Amino acid sequence: MDQHYGSSLPKDKNVERIVHEERNGSEASIEKVSDYIQRVSDYIEARKEDRHFFVYRGEPELYPSPCRPGLFRMSTLTENPFFEKNLFHTMRQNKLTGDRSYLENAIDAQHGEFPSRLLDVSYNCLTALYFAVTPYYHKAEDALDDRDGRVFVFFLDEIFSPSAENINENYNAVINRDCPWSQEFLFRKNHKFVDYTKINSRIVAQQGGFILFQGDAAEELPKRLYYGITIPGDAKPRLRAELKELFGIHTGSIYPEVINLVKELTGKSGRMNTQAFTCENELRYTLEQLRRELDYYLDYALSQKRSQAEEDTMRQILARVEKVVNSYREGLVHMAQNRDVWLEELEARTMEAILQDYNSQVRQFACAAAQYRLGWFSADSLIITMD
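Numbering (the working numbering), first residue to last: 881 to 1267.
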């Protein structure tokens, strides 16, 4: 496992702790844009050695289920599993989108105020701050000034191009429902960052991209992917004024110029995922997410141990890891047992190798937990037995 234990900031600055820490004074509150930029800079500096790239999302209030695409905030898929496909054809019929691809239809739908399974993010942290201090333009700018907002700082590893075959085949399989193995609930864990396209002007203005949620329900984004920055409601008016006066960011702001495009696209190409959309590649992508989650929790557990956390805290951490790992285990077991949905595309020995890889990751984490005396981790109950 990759082990980066020298970070000056712990990797637990997620939404479950940030409010408590800020409100109790252990971390300064955000009162002006410079405070916010410094916080973002600190988080980026703490994760630089992990070689991530960074995107941001702002939400104007603290939702019970944050970072949730609009499609999963309603019951449309329960009522009609082909809702998305029907929506896109209706939009095409009414000239609200073209007939290029369903993914591009989804991007148009997202920015045409239709529900979609895409989550908006931005490459610009100040754009995200604008959305955290300003409600959607149908409301008055100060309508939510009595509520705290939040900016999410995402640390991502791969980019999918909206023009590439793999992500388009992936998206088509999700909404056409004609690829049995792709409907397995295990693949809900495969959140994928889709780069922006110049086709939609609002995306250009927001310097935006998307996180694609697969499946019929929204799988929670892993804690390892983000930090949360709470924006106090009483600071919103000042932050809005500074964004407008210092950076020209406001509801009526003009779209930014496209500069240094060659350099930007060249830099992205090194992280672009172009692997074919196949059952095997999806499974390996899922196992890579598991590896990254285990790295995250091992790093977190070690930071808590160095801080001399109580035994009960360490037990809670390891119990959380067991719960996370078991969610992968259940998905893999279900997948392995449903041979009819994957056997035409995937050899049995390949599935066996996938399960062996999973078991190896679980044993590695258990060994690390024992080596660093973190506490008891019940690996035996999480191992998948291959008959």
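Even glycine gets a Cβ: it sits at the ideal position worked out from N, Cα and C.
As the structure is a prediction and not an experimental result, all values here were calculated from the model.
Run of the beta strand (DSSP E) containing residue i, from where it starts to where it stops
i, result
"leucine 1092", "1088-1092"
"leucine 1105", "Premise fails: leucine 1105 is in no beta strand (DSSP E) and is neither H nor E."
"leucine 998", "998-1002"
"tyrosine 936", "933-939"
For residue i, the first and last residue of its enclosing alpha helix (DSSP H)
i, result
"serine 909", "Taken as a continuous stretch (DSSP letters only), serine 909 belongs to no alpha helix (DSSP H), as it is neither H nor E."
"valine 1031", "Per DSSP, valine 1031 belongs to no alpha helix (DSSP H); it is in the beta strand (DSSP E), 1029-1036."
"glycine 1211", "1191-1217"
"valine 1221", "Run containing valine 1221: none; DSSP gives neither H nor E here."
"tyrosine 1051", "1045-1056"
"phenylalanine 1073", "Run containing phenylalanine 1073: none in the alpha helix (DSSP H); it sits in the beta strand (DSSP E), 1072-1074."
"threonine 977", "First-last for threonine 977: undefined, no H or E at that position."
"serine 1041", "Segment: none, serine 1041 is in no alpha helix (DSSP H) and carries neither H nor E."
"arginine 948", "Unbroken run through arginine 948: none, as it is neither H nor E."
"alanine 1115", "Segment: none, alanine 1115 is in no alpha helix (DSSP H) and carries neither H nor E."
"histidine 1130", "Where histidine 1130 is concerned, there is no enclosing alpha helix (DSSP H), given that its DSSP letter is neither H nor E."
"histidine 991", "It is not in any alpha helix (DSSP H) - histidine 991 carries neither H nor E in the DSSP assignment."
"glutamate 959", "956-959"
"threonine 1230", "1228-1251"
"arginine 1186", "1159-1186"
"lysine 965", "963-973"
"cysteine 1059", "Note, cysteine 1059: premise wrong, no alpha helix (DSSP H); not H, not E."
"leucine 1009", "1005-1013"
Span separating the alpha-carbon of residue i from that of residue j
i, j, result
"proline 940", "arginine 1120", "12 Å"
"isoleucine 917", "valine 1213", "45 Å"
"serine 1187", "phenylalanine 1035", "24 Å"
"valine 1142", "arginine 1151", "A caution first: valine 1142 carries a pLDDT of 45, below 50, which makes its placement in the model too unreliable to give a value."
"valine 935", "threonine 1007", "10 Å"
"tyrosine 1106", "tyrosine 1176", "11 Å"
"alanine 1249", "phenylalanine 968", "49 Å"
"asparagine 904", "aspartate 1037", "Residue confidence for asparagine 904 is low, a pLDDT of 47 falling below 50, so the modelled location carries little weight; the figure read from the coordinates is stated next. Taking the straight line joining both Cα atoms gives about 33 Å."
"aspartate 1028", "tyrosine 1016", "15 Å"
"arginine 1118", "arginine 1200", "39 Å"
"aspartate 1192", "leucine 1182", "15 Å"
"alanine 1180", "arginine 972", "Alanine is not the amino acid found at residue 1180; the sequence shown has tyrosine there. Near 48 Å, if we compare the C-alpha coordinates of arginine 972 and tyrosine 1180."
"glutamate 925", "leucine 1009", "19 Å"
"leucine 942", "serine 909", "16 Å"
"arginine 919", "arginine 927", "13 Å"
"phenylalanine 1257", "alanine 1233", "24 Å"
"glutamine 1196", "glutamine 1169", "22 Å"
"asparagine 985", "isoleucine 1055", "12 Å"
"arginine 1164", "glutamate 1100", "20 Å"
"aspartate 1260", "alanine 1023", "53 Å"
"asparagine 960", "asparagine 1070", "23 Å"
"tyrosine 923", "asparagine 974", "45 Å"
"isoleucine 1139", "phenylalanine 933", "In this prediction, isoleucine 1139 scores a pLDDT of 37, lower than 50, which makes its location untrustworthy; the coordinate-derived value is nonetheless stated afterwards. Rounded to the nearest angstrom, the two C-alpha atoms are 19 Å apart."
"aspartate 915", "proline 1102", "26 Å"
"glutamine 1155", "alanine 1228", "21 Å"
Cβ neighbours of residue i in the same chain (closer than 6 Å, five flanking residues each side left out)
i, result
"glutamate 1049", "Phe1157"
"aspartate 1075", "Ile1039, Ser1041, Gly1089"
"lysine 1072", "Phe1040, Leu1092"
"glutamine 829", "In the structure as shown, the chain begins at 881 and stops at 1267. Residue 829 is therefore absent and cannot be evaluated."
"aspartate 979", "Arg972"
"leucine 1178", "Ala1248"
"glutamate 1064", "Met1215"
"glutamate 1162", "Phe1067"
Cβ-based neighbour list, residue i, same chain, cut-off 7 Å, excluding 5 preceding and 5 following
i, result
"lysine 1124", "His1130"
"leucine 983", "Pro1042, Ile1047, Asn1048, Tyr1051"
"glycine 992", "Leu976"
"alanine 1216", "Met1231, Leu1235"
"leucine 1262", "Glu1202, Val1205, Asn1206, Arg1209, Val1242"
"glutamate 902", "Note on glutamate 902: pLDDT 44, under 50, position unreliable in the model; the coordinate value appears next. The residues are Ser909, Thr1110."
"threonine 1265", "none"
Residues of its chain near residue i, where Cβ-Cβ distance is below 8 Å and the 5 sequence neighbours each way are ignored
i, result
"methionine 954", "Pro995"
"lysine 1185", "Met1194, Tyr1252, Arg1253, Leu1254"
"leucine 1126", "Val913"
CB-CB length for residue i against residue j, believed under 8 Å
i, j, result
"leucine 1238", "leucine 1174", "Residue 1238 is actually tyrosine in this sequence, not leucine. That belief does not hold up - the Cβ atoms of tyrosine 1238 and leucine 1174 are roughly 11 Å apart, past 8 Å."
"leucine 1226", "glutamate 1160", "6 Å"
"phenylalanine 963", "threonine 970", "Between threonine 970 and phenylalanine 963 the Cβ distance is about 10 Å, and since that is not below 8 Å, they are no contact."
"arginine 948", "alanine 1098", "5 Å"
"arginine 931", "phenylalanine 1032", "With a Cβ gap of about 20 Å, arginine 931 and phenylalanine 1032 do not count as contacting."
"proline 946", "arginine 1030", "7 Å"
**Prompt:** Can at least three beta-carbon pairs, one atom from the stretch 1110-1120 and one from the stretch 999-1006, be found at a separation below 8 Å?
**Reply:** no
**Prompt:** Can you find at least 3 beta carbon pairs, one from the stretch 1055-1073 and one from the stretch 1203-1223, that sit closer than 8 Å?
**Reply:** yes
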